[in-house]
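A short worksheet on the structure shown next.
In the working numbering, the protein residues as written are 31 to 96.
In structure tokens:
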């Protein structure tokens, strides 16, 4: 779990900003969203395949430009 200690003479706003930055670096919010509801392994595999297809199509589009 990500945690921070508020430094002396540090404003709450800057401490909150630092906390948000650390949680986004750790991928914590993405992990929470992913685990919010159970997904069957077949659905996870299908999403992974679809993402690979999108990535390949995007790569082909960008390479065909030049």
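Glycine included, C-beta positions come from ideal geometry on N, C-alpha and C.
- Secondary structure at residue 38: coil, using DSSP grouped into helix, strand and coil.
- Below 8 Å, too few C-beta pairs join the segment 56-63 and the segment 38-48 to call them touching: fewer than three.
- Under the three-state reduction of DSSP output, residue 70 falls in the coil class, being neither helix nor strand.
- Judged by their CB atoms, residue 52 and residue 34 are nearer to each other than the 8 Å cut-off.
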